[in-house]
Structures are given as structure tokens and as C-alpha cells.
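The block underneath contains the structure these notes are about, expressed in C-alpha cells.
Number of protein chains: 2
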Amino acid sequence: MRVEIVAIGTELLLGLLVDTNSGYIAQQLADNGIDCHFQTRVGDNISRIKEALATALDRSDAVICCGGLGPTSDDVTREAIANLMGAELVFQQDIWESIEARLSVAGRSIASINKSQAMVPKGAVPILQLTGTAPGLICRVGEKAIYATPGVPAEMKEMMESTIMADLRRRREGDYVIISRTLRTWGLPESRIAELISGRIDTLDKLALGDDLQIASGQAEAMEPGNTLPGERERAAKSGSARLDVPTIAFLASSTEGVKIRIGIKSNDRGKALAAIEREEKAIREILGESIFSSDDETMEEVVAKELVKHNLTLSVVESLTGGLVAARIVSIPGASQFFKGGLVAYATEIKKKFLGLEGPVVSEEAAVKMAEGARREFKSDIAISTTGVAGPDKQEDIEPGTVYVGIATAQKSVGYKLSLRGNRDRIRQSATMAALDILRKHVMSL
Amino acid sequence: MRVEIVAIGTELLLGLLVDTNSGYIAQQLADNGIDCHFQTRVGDNISRIKEALATALDRSDAVICCGGLGPTSDDVTREAIANLMGAELVFQQDIWESIEARLSVAGRSIASINKSQAMVPKGAVPILQLTGTAPGLICRVGEKAIYATPGVPAEMKEMMESTIMADLRRRREGDYVIISRTLRTWGLPESRIAELISGRIDTLDKLALGDDLQIASGQAEAMEPGNTLPGERERAAKSGSARLDVPTIAFLASSTEGVKIRIGIKSNDRGKALAAIEREEKAIREILGESIFSSDDETMEEVVAKELVKHNLTLSVVESLTGGLVAARIVSIPGASQFFKGGLVAYATEIKKKFLGLEGPVVSEEAAVKMAEGARREFKSDIAISTTGVAGPDKQEDIEPGTVYVGIATAQKSVGYKLSLRGNRDRIRQSATMAALDILRKHVMSL
Numbered sequence: 096m097r098v099e100i101v102a103i104g105t106e107l108l109l110g111l112l113v114d115t116n117s118g119y120i121a122q123q124l125a126d127n128g129i130d131c132h133f134q135t136r137v138g139d140n141i142s143r144i145k146e147a148l149a150t151a152l153d154r155s156d157a158v159i160c161c162g163g164l165g166p167t168s169d170d171v172t173r174e175a176i177a178n179l180m181g182a183e184l185v186f187q188q189d190i191w192e193s194i195e196a197r198l199s200v201a202g203r204s205i206a207s208i209n210k211s212q213a214m215v216p217k218g219a220v221p222i223l224q225l226t227g228t229a230p231g232l233i234c235r236v237g238e239k240a241i242y243a244t245p246g247v248p249a250e251m252k253e254m255m256e257s258t259i260m261a262d263l264r265r266r267r268e269g270d271y272v273i274i275s276r277t278l279r280t281w282g283l284p285e286s287r288i289a290e291l292i293s294g295r296i297d298t299l300d301k302l303a304l305g306d307d308l309q310i311a312s313g314q315a316e317a318m319e320p321g322n323t324l325p326g327e328r329e330r331a332a333k334s335g336s337a338r339l340d341v342p343t344i345a346f347l348a349s350s351t352e353g354v355k356i357r358i359g360i361k362s363n364d365r366g367k368a369l370a371a372i373e374r375e376e377k378a379i380r381e382i383l384g385e386s387i388f389s390s391d392d393e394t395m396e397e398v399v400a401k402e403l404v405k406h407n408l409t410l411s412v413v414e415s416l417t418g419g420l421v422a423a424r425i426v427s428i429p430g431a432s433q434f435f436k437g438g439l440v441a442y443a444t445e446i447k448k449k450f451l452g453l454e455g456p457v458v459s460e461e462a463a464v465k466m467a468e469g470a471r472r473e474f475k476s477d478i479a480i481s482t483t484g485v486a487g488p489d490k491q492e493d494i495e496p497g498t499v500y501v502g503i504a505t506a507q508k509s510v511g512y513k514l515s516l517r518g519n520r521d522r523i524r525q526s527a528t529m530a531a532l533d534i535l536r537k538h539v540m541s542l
Numbered sequence: 096m097r098v099e100i101v102a103i104g105t106e107l108l109l110g111l112l113v114d115t116n117s118g119y120i121a122q123q124l125a126d127n128g129i130d131c132h133f134q135t136r137v138g139d140n141i142s143r144i145k146e147a148l149a150t151a152l153d154r155s156d157a158v159i160c161c162g163g164l165g166p167t168s169d170d171v172t173r174e175a176i177a178n179l180m181g182a183e184l185v186f187q188q189d190i191w192e193s194i195e196a197r198l199s200v201a202g203r204s205i206a207s208i209n210k211s212q213a214m215v216p217k218g219a220v221p222i223l224q225l226t227g228t229a230p231g232l233i234c235r236v237g238e239k240a241i242y243a244t245p246g247v248p249a250e251m252k253e254m255m256e257s258t259i260m261a262d263l264r265r266r267r268e269g270d271y272v273i274i275s276r277t278l279r280t281w282g283l284p285e286s287r288i289a290e291l292i293s294g295r296i297d298t299l300d301k302l303a304l305g306d307d308l309q310i311a312s313g314q315a316e317a318m319e320p321g322n323t324l325p326g327e328r329e330r331a332a333k334s335g336s337a338r339l340d341v342p343t344i345a346f347l348a349s350s351t352e353g354v355k356i357r358i359g360i361k362s363n364d365r366g367k368a369l370a371a372i373e374r375e376e377k378a379i380r381e382i383l384g385e386s387i388f389s390s391d392d393e394t395m396e397e398v399v400a401k402e403l404v405k406h407n408l409t410l411s412v413v414e415s416l417t418g419g420l421v422a423a424r425i426v427s428i429p430g431a432s433q434f435f436k437g438g439l440v441a442y443a444t445e446i447k448k449k450f451l452g453l454e455g456p457v458v459s460e461e462a463a464v465k466m467a468e469g470a471r472r473e474f475k476s477d478i479a480i481s482t483t484g485v486a487g488p489d490k491q492e493d494i495e496p497g498t499v500y501v502g503i504a505t506a507q508k509s510v511g512y513k514l515s516l517r518g519n520r521d522r523i524r525q526s527a528t529m530a531a532l533d534i535l536r537k538h539v540m541s542l
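Which chain is which? The protein sequence lines are A and B, in order. So the first sequence is numbered by my numbering: it starts at 96 and just counts up by one. So the second sequence is numbered by my numbering: it starts at 96 and just counts up by one.
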């Protein structure tokens, strides 16, 4: 099954608004094994919207479009679809009443301008929503369908989850599931990870290629059996065209948050698929060990928080080059007060001396350890972690930017780590933050 | 002149990679008064790339495509373009030599796979680059042109700046300039700003509409004279179709960074255009006063840093709900050590007491003031700023999430401010951070 995405809005064309909707919808389609070959962005203009929708519908089984369903005169998606369907727009009293009810509950004035939102192309089915006022639309065009949602991300997501994906799954041929799991790693570059698990990928590739691999027509063109990173087979798999029951592995480097490894599978049997994913995850975890810090959407700070609570430990932080970034990520966790005592941003050398008793060079392993010990003492926490280093752009005490030390102090011991990080000032500070949290995670887990 | 954008890469279609390139290119086009009516994303597939390029070229004067110029077998943009031009790919020895030279300087091994990057469609002009290896391409197709750049944002930007925009400006009819200035505000909602400067907008609209407004054909369909926010005229203007010499005003709300106001103008005369922009900026500044904290790309923390250095003042920070975010933004400024002493993340109540001598409720105006005074004393800084409040999701001491206090202490006085912020935990913390920096900015500027 093929679905295209059309994002509507002049702001998108002007680069004034980043189109995050298309990426979200694309991911939903991929996760459900639905191919998406083209995505288009078009402005708030009836004839051009119609042209974009017609072209997309011509090439695909369905189109999901988002944007242009609001009440103002530049919201013309409804007209464009009606036009394409050759249907007239009909005022639907029941929709109008539900919009009126919602607006009056919200204490907002009901302008007659909102009436346009109760207009529906004849033959289309409205998708009512909980959050906003503009209903979405399901429009049958022959054997095909156009789904229209508002451009507001929360409203679009609500409709995708409540209605559109279910409708698409129903329309999709075959009765298979697509399941995926993402393993998140820190500390190894993508090339090293690829090297370490190339054996697994080769095994899976042989399994998949040994049979009549159902790759999507076009995907085959650029295909080459040995080319597995980020080879066509993973892509084919993610777009739902891979061989049933053989997991696929793909990488995604996300700069300062580490490398993600995605295991995906398509199967007729949910139990079988889950078991295969578990098996593959286990194999990769055996190879990469504690470099994997979480799976799916769990962040580094969430893992750290969970481990601290589990071990019933309190934390304090002292930061130089990261300047509050480590503390800010800890505080982003609701309920951080359970384990987080506080932090010190010891930026000026005199502050390091006054609060932590630090003498001598401030960018060294020894300094990092002393800072952590000082914080542990001053904040009376079980564990303290410290960062010091040179973020750049200039050298400091003749030390190269990217040279970073992390210290950790517990009741049992104090340890310092030296890191060599790359990138500009911002990237070095972000990477130092992740590295410090990762060191903390490993320490707590080893207790 | 019309230009379309085609972003190439299967990762984009799968939602694994966010397409930031199209937004950047779109902004460049808009800033140069070039219309962009459609943007397309397509995967690494020769026939579909060819189809997308052909469709785009058919509707426009030129196409900028990015992605798929790398050395691996799934990079097929070159082939697709050659195919579309009806030209063969020719190996260019001089390009190969420059790629070899670059790779050997970087100490990277030269794989024969890189040779594909020296292939150029016959008749196309390569755009050599400084950063990476893949050259871009300028391909004439009849009277029209396809520009191809790599998908790596830094490499794409380099080519846009060095070559493509200059070539487009040369091809563009007429010899006008587009100049814009963005004013950044904090503290007023978009609706209030719109209300305050609606008079200016009306005046400009009358000036523009009184004459033969050269709006782009399609833009006119949805146009309505009174509809000026974010009316069609601003859009027409940004896409280069507005009346010469009449400035336009547009708004852009960017959630936790405040509302931006963009003044744009198109003119035959750079001096005249600059003068008109200055005049408009002055008028808006008179209306909005100190709500405008900077212009163009200058961030709030950059303004704060500049003001502190100018007044030769040192700063310290004490944070509860923002948990290091204020300090982290200050430390993001290179040279922050010149004025920044340090910060305390006083998250646990006992820490507020121990370091700052704070007794009683910790979420109050009085607490915020005492925290700032304590920080000023402990860090021996000229100014200290504090944040305390409830980030949510739960109430604290029976206080609603979003209730935030900011305190500021200087040698002359201490003041507290109460804020009511909306949103989730993250948004409340981000807004509190901006608000604290803004209060600091206004205090320093008033000294």
C-alpha cells in the first residue's frame, strides 16, 4: 500500500514554520509497513492544493494532507478537496453545534467565521476532535481516499491516532504487524557500532535475501547484496516491504544524543514478531553491553533518575563548562526533588576555590575529582558528579577545546575521567553533559 | 521567478531524519523575493527522483535539489539528473584529483567508491566545495536550471551561499533587492502586539493596495483587503511579489523565545530600502518600547551579556524550578567568564536554607528576593538573579503549576516579580528562563 503526504501552508513554503507534521506521519506509516514515496508541501492556494492532491492520489492509494482547515479566509483545503471530488460543500448543522458547544465552554466568542469549519464536501466523513474545533475529513475518491487534518500538530496527531491509522490498516492488504524497538547507545561512534554488529546484519541479510524478498519495486534499483549500511534492505523493511519474520537493523546517529539502533520486523504473527525482536535485542545487547543505555523513547536523564530512586541515592552536581546543563536535565524529570539536592555552577575560578576548596589548575582530572568531592560534602548527597573542561572556541590554560574531565564521588570512592570531545562550543557542552550523565548511570548501576 | 525545492533521501520519507534543508532554502528564496510554490521530498530512487524533478521543472524556472550526491550505491541523484537531461555521465579527472587531495589531507582512505563523485552529467557545471567531497551541480535544461547540492546541511549551505543564490539572483528578472529586519520581543502575546501595531499595518496596506499591487497570481485568490494578519500581502511581500518600496510587517510566534516581528521591503534602490526599514523599525520601537530585546539573530543571553560587559557588572544566578537553564544560557556565550561568577541550583529546600539562609515558604516573592540576595552575597557578584516556582505537573505547597517568582538583587535594591506561565513542565521552565533573563536585561539597561 502506498500513501503520500501533502503538507499545506504558505508559512511552510516560506521557511517560517518547520514542517514537523510530515515527519510524524511518515514515521507512523513506516511503523505500519505502509510505503510513502513522495511528500509535498504546498501553499494556501486552491488550485495548487488541488494539483498537489491530484498528483499524489494518482500515484498512491491514499493521501494524508494536513493544514488549511481553520476558519480564516486563507484556509482553503476544504474547497480544494471538494473541487477535486467534484462535490459541493454542505453545511452540517451537527458539526456546527459541536463547534459552538466547544467554543462556549472555552469561553471564546463564536464568530460566524467559524461556520466555514462546519462545511463538509458532500460524501465525506468528518473526523471530530477533542482539542480544537476544525474537524478532519475522510474523503473517498473512487477506490482511494484523502484524509485531511488540521495543521496544529496536537490536533493532527489526535486524528492520526484515533481514526486515520486505523482506517489505513483496515484498507491495507494482508494482515501483518510491524513491530520495532530502538536501542539507544552512548560512547561508541556509529562506524564502530556498525563494525561490531556487522555479523548480525550479515546473518539477517542472508536469511532475507535467500528467499523471494518482497522489496518495493523502486527500492530494487539501487540494491546491492553486500550494501547493508544503511542498506536498501533495512529501508525496504522499514517501509514494510521486507521479508516477513526476518528482523532488520538500522542505525540513526543523532549527534549529541548518541547513536540509535532500530530493530524492526514485519510478521503475520504478533507473538512470533515480538519473540524475534527480543532475540535480536538480546544478541545486540550481548555485543554492545552497557553502551546501550535505554530503549525506545527513554532519555538518559530518565534512566539516571530511575536508577537513583531504585538505589535510594541522592545526587548533587557541580559544573564548570556545562554551566547548568547537567542539573537542568536532571530537574526536567518530574519528581526530581525525590533524589536531587542541588547543583553548583562553579564557573569563576574563585568560586571553585570558595565553595569547593579547589586550588591549582581547574581543568584536570584532579580538579574534577575535588569538585565532585566538594559538592558531595557541601550538598550532603550520596553521590556527586562534576564537569570541568574547555568548551572553546579559545584554548584555556593552553588546553585544547574539547578536553573535558568528569569527576564522580561516592561514599566508597572518587574517580576522574578524561574525555576528548569534538565540535563547536555548543556541541562540546552538550556531549560533556551526556557523557557525565552516562558515567553517573554506569556508576549507580554497578553499585 | 519561481523555484521549487526537491529534498532527496529515503530517511526523509521514513521520518528518520527531519528535513531542515528545505526550510533553509525556502527562507533564502523568500528573502531574495523568489516564489516557491511547491516543495517535494522523494527517496533514493532514480525513476522517482527523475519524476519529481521533471514535475518541478515543468512548473518553475529552476529547481534546487539536495541529497543523494554521496559516494554510495544509494546516492543516485547524479544519474537521475543525467537521465532527465538526456546526457551521459562523464568522469572528470580534475574533480577526482581535488577529491583525492581533500581525502588525503584529511588522512582518510581513498576508496574507488568515491570515484562516482567525479562523474558529472555532460554539460553540467560542478560546484566545488570546501567542507566535504561531493561537488554540487548546475545543470541547464533548456532555459531552466537544476541546482543539486549534497544533503549535509553545512555543505548545502556553503553551496547556496557561494554559488546558487548568486546564480539565481542573476537569472531573476528585474534588478531589485529584498531587505528584511527581524525585531525580537518578549513579554507580550502575539495578539496584543498585533493590536498595538495594527495602525502601522493598515497604513502600509493602504499604501500598497492603493496602487497596482503586483501580487503573485495564485496569492490573489484568497486575498481580502482587510485581512492583514498574517495576511496575504505580507506573504506576497515575502515571496517577493509585493509593491516596490512599501515595507511589510509579519509576525512569527516562536513559543518559548517570544514573538518575532519581521519588516521586509523590496526595492530598486538599496539606500531607499534601508531608509524605509529604519523608519519602520523606529515606528515599531516607539510603540513596543523595551518589549523589543534584540534584532535579527541576537539572542536574549547575548543581549544580557553585552549589557553586563558594557556596565562592567558581574552576575550570579540561583535557580530552583529552572534548575540550571538560566546559568546554562549565560555560559553558552563565549567569554562568559568575563562577567559570570557562577550559579547555584537550589532545588532541595534544605539547600535553599543552608546556602541562602532561606526560611519559610520557598515559592513566594519574598523567597525569590532572599535567594537573589543570598546569591549576590555568596558569589560576591554585583547582580544576582533568582527563580523559584512550580513547574508541575503537580501542585506544590498548594500552588498551581506555572506560578513563578523571579528575584533580582543589586547594590541599590532587591525586587521580586510574580509570573503566571502556561504550558507543560518543559515550557514553563523555558519561559521562566526567558523571563528571568528579560528582567535582568531591563534592570541592567536602566542602570
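Here a beta-carbon is modelled for each residue, glycine too, at the ideal position from N, C-alpha and C. Given the structure is predicted, the values throughout are model-derived calculations rather than measurements.
{"Asked": "Buried versus exposed, by CB contacts within 10 Å (16 or more), V341 of chain B", "Found": "buried"}
{"Asked": "Separation of A467 of chain A from G418 of chain A, as counted between CA atoms", "Found": "15 Å"}
{"Asked": "Meets three-Cβ-pair contact criterion under 8 Å: the segment 405-424 of chain B and the segment 419-435 of chain A", "Found": "yes"}
{"Asked": "9 Å Cβ cutoff, Y119 of chain B in contact with chain A", "Found": "yes"}
{"Asked": "Cα-Cα separation between V113 of chain A and A506 of chain A, rounded to whole angstroms", "Found": "48 Å"}
{"Asked": "Classification of L542 of chain A by the beta-carbon crowding that lies within 10 angstroms, buried from 16 upward", "Found": "exposed"}
{"Asked": "Whether E496 of chain B touches I478 of chain B by CB criterion (9 Å)", "Found": "The residue you asked about is not Glu; residue 496 of chain B is Pro in the sequence shown. No, these two residues do not count as a Cβ contact at 9 Å."}
{"Asked": "Beta-bridge pairing of D130 of chain B - partner residues as DSSP gives them", "Found": "B:R97"}
{"Asked": "A94 of chain A versus A:K355, A:R173 and A:V485, residue with shortest Cα-Cα distance", "Found": "The shown model of chain A, from 96 to 542, leaves out residue 94 of chain A, and the question about it has no answer."}
{"Asked": "P230 of chain B and I190 of chain B closer than 9 Å at C-beta", "Found": "yes"}
{"Asked": "Rounded C-alpha distance that separates Q309 of chain B from D364 of chain B", "Found": "For Q309 of chain B, the predicted model reports a pLDDT of 38, less than 50, meaning its position is unreliable; a value from the coordinates is still stated below. Cα to Cα, Q309 of chain B sits roughly 18 Å from D364 of chain B."}
{"Asked": "Buried versus exposed, by CB contacts within 10 Å (16 or more), I379 of chain B", "Found": "buried"}
{"Asked": "Own chain, CB closer than 6 Å to A315 of chain A, minus 5 neighbours either side, in chain order", "Found": "Since pLDDT at A315 of chain A reaches only 35, below the 50 mark, its modelled position is unreliable, and the value read off the structure follows with that caveat. Here the set comprises nothing."}
{"Asked": "Closest by C-alpha distance to I176 of chain B, when choosing among B:I241, B:N407 and B:S390", "Found": "B:I241"}
{"Asked": "Assumed close pair I534 of chain A, Y512 of chain A - CB separation to whole angstroms, cut-off 8 Å", "Found": "6 Å"}
{"Asked": "D262 of chain B versus G218 of chain B - alpha carbon distance", "Found": "17 Å"}
{"Asked": "CB contact flag (A400 of chain B, I274 of chain B, <9 Å)", "Found": "no"}
{"Asked": "For E238 of chain A, the nearest candidate out of A:L223, A:V171 and A:R154 (CA to CA)", "Found": "A:R154"}
{"Asked": "Residues near E376 of chain A by beta carbon distance below 8 Å, same chain, minus five either side", "Found": "R276, L278, I358 and S390"}
{"Asked": "Pair within 9 Å by beta-carbon distance, E402 of chain A and V457 of chain A", "Found": "no"}
{"Asked": "Under 9 Å by beta carbon: chain B residues contacting I425 of chain A", "Found": "G418, G419, V440 and Y442"}
{"Asked": "9 Å Cβ cut-off: residues of chain B touching V137 of chain A", "Found": "H132, F133 and Q134"}
{"Asked": "Inter-stretch contact at 8 Å, needing at least 3 Cβ pairs: the segment 171-188 of chain B / the segment 120-128 of chain B", "Found": "no"}
{"Asked": "For L451 of chain A, the residue or residues it bridges with in DSSP", "Found": "BP columns for L451 of chain A are empty, so no partner."}
{"Asked": "Three-pair Cβ contact test at 8 Å for the segment 434-448 of chain B versus the segment 96-103 of chain B", "Found": "no"}
{"Asked": "Of the listed residues A:S415, A:G437 and A:Q525, nearest to R471 of chain A (C-alpha basis)", "Found": "A:G437"}
{"Asked": "Limits of the unbroken beta strand (DSSP E) element including M214 of chain B", "Found": "M214 to P216"}
{"Asked": "9 Å Cβ cutoff, P429 of chain A in contact with chain B", "Found": "yes"}
{"Asked": "Closer than 9 Å to chain A by CB, E327 of chain B", "Found": "Note that E327 of chain B scores a pLDDT of 47, beneath 50, so its modelled location is shaky; the value from the coordinates is reported in the next line. Yes, its Cβ sits closer than 9 Å to a Cβ of chain A."}
{"Asked": "Residues of the segment 451-485 of chain A whose Cβ lies closer than 7 Å to any Cβ of chain B, in chain order", "Found": "F474"}
{"Asked": "Residues of its chain near F474 of chain A, where Cβ-Cβ distance is below 6 Å and the 5 sequence neighbours each way are ignored", "Found": "S411, K436 and G437"}
{"Asked": "Chain A contact residues for R520 of chain B, given Cβ-Cβ distances below 8 Å", "Found": "S427 and P429"}
{"Asked": "Outcome for K361 of chain A when other beta-carbon atoms lying within 10 angstroms are tallied against a minimum of 16", "Found": "buried"}
{"Asked": "Chain-ordered chain B contacts of V354 of chain A [CB-CB under 8 Å]", "Found": "Under the 8 Å cutoff, chain B gives no residues; its nearest Cβ is about 13 Å from V354 of chain A."}
{"Asked": "S411 of chain B - containing beta strand (DSSP E), residue span", "Found": "L410 to E414"}
{"Asked": "Three-state secondary structure assigned by DSSP to P342 of chain A", "Found": "coil"}
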